[in-house]
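Under this note's numbering, the residue at position 102 of the sequence shown is numbered 103, and the numbers go up by one with no gaps. Each residue gets a CB set at the ideal place from its N, CA and C atoms; glycine is no exception. This structure is a prediction, so every number in the text was calculated from the model and none was measured.
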Amino acid sequence: MLQFISHYNSRYGYVSGIGAVLNGGCRWVQLRMKSASDSEVVASGLAAGDMCRRHGAVFIVDDRVHLVEQLGADGVHLGKGDMPVAEARRILGPDRIIGATANTFADICSAVEDGADYIGLGPFRFTTTKERLSPVLGKDGYVKIMERCRNEGITVPVVAIGGILADDVPEILAAGVAGIAMSGALLNAPSPAGETKRILQLIERKQLI
């Protein structure tokens with residue numbers, strides 16, 4: 002699984018960046034516009050959601066539970082400072098996807114108990130695309146946490162996130178995570194579509210081993 006967390010740079014806006022990675026084969030997109038107004042998120046979200054549906058991609062909105070229905074999103078991703086997972090589940094019902102950010106094994110247990118469908122575990126390393134960064138995990142952090150998940154019978158998919166580059170993908174997947182989430186590594190590449198294809202090939206190659 003490869004998830005793209007939307008961002009922007011001098012060449013791509015939120016929507017055009019999403020379009021580029023979709024063209025590269027990414028089939029899971031999270032629209033993350035932390036500092037934007039609701040009206041800006043709606044404008045970008047309607048366009049991004051339409052593109053995701055045309056490509057058969059999952060479309061997730063970051064944080065804004067109240068916009069999920071309006072945007073026709075598949076679900077929401079909640080950071081540690083956002084709405085509690087249990088409350089979002091009560092609002093969205095059983096069929097919407099709810100992802101939750103975690104930094105520790107205890108975070109994962111809490112999110113799973115409250116009804117999260119997947120976990121975004123990180124950060125792998127320091128990243129400039131997120132404010133108020135939690136302690137960096139590194140490869141060893143993923144290995145230890147995923148081992149505890151296996152021992153405790155936790156099977157909810159865990160996705161690694163936070164400053165991940167192409168060269169990191171094999172060792173992170175070897176730790177036992179279900180997928181990789183990327184933002185700047187895709188958007189800042191000379192060809193985001195080409196880099197997306199390359200990352201997907203790395204993931205597929207690792208799964209075949």
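Alpha-carbon spacing of residue i relative to residue j, whole angstroms
i	j	result
A120	V66	Note on residue identity: the sequence assigns Ile, not Ala, to residue 120. Whole-angstrom Cα-Cα distance: 17 Å.
A58	L47	14 Å
L174	A190	21 Å
Y143	E205	20 Å
D39	E153	39 Å
G76	V113	16 Å
S135	L187	22 Å
T197	G20	11 Å
C53	R199	20 Å
S111	L93	19 Å
I210	P158	Residue confidence is low: I210 scores 49 on pLDDT, short of 50, so the model does not pin down where it sits. Its coordinate-derived value is still stated next. Approximately 19 Å between the Cα atoms of the pair.
N104	S192	31 Å
A117	P95	10 Å
Beta-carbon proximity of residue i to residue j, cut-off 7 Å
i	j	result
T128	G180	no
D115	V160	no
V170	L138	no
A176	N24	no
G100	G73	no
D63	Q31	yes
L166	L3	no
S184	H56	no
S36	V16	no
Buried/exposed call for residue i, threshold 16 Cβ in 10 Å
i	result
P124	buried
A107	exposed
N10	exposed
E70	exposed
A156	For the sequence presented, residue 156 should be read as Thr rather than Ala. With fewer than 16 Cβ atoms within 10 Å of its Cβ, T156 is classed as exposed.
E172	exposed
E148	exposed
R33	buried
G18	buried
TODO: Go through the region 93-165 residue by residue and report every complete run of the alpha helix (DSSP H) that reaches 4 residues or more, in order.
DONE: Correct list: 106-114 and 139-152.
TODO: At 4 residues or longer, and completely inside the region 32-78: list those alpha helix (DSSP H) runs for me, N to C.
DONE: 39-56 and 69-72
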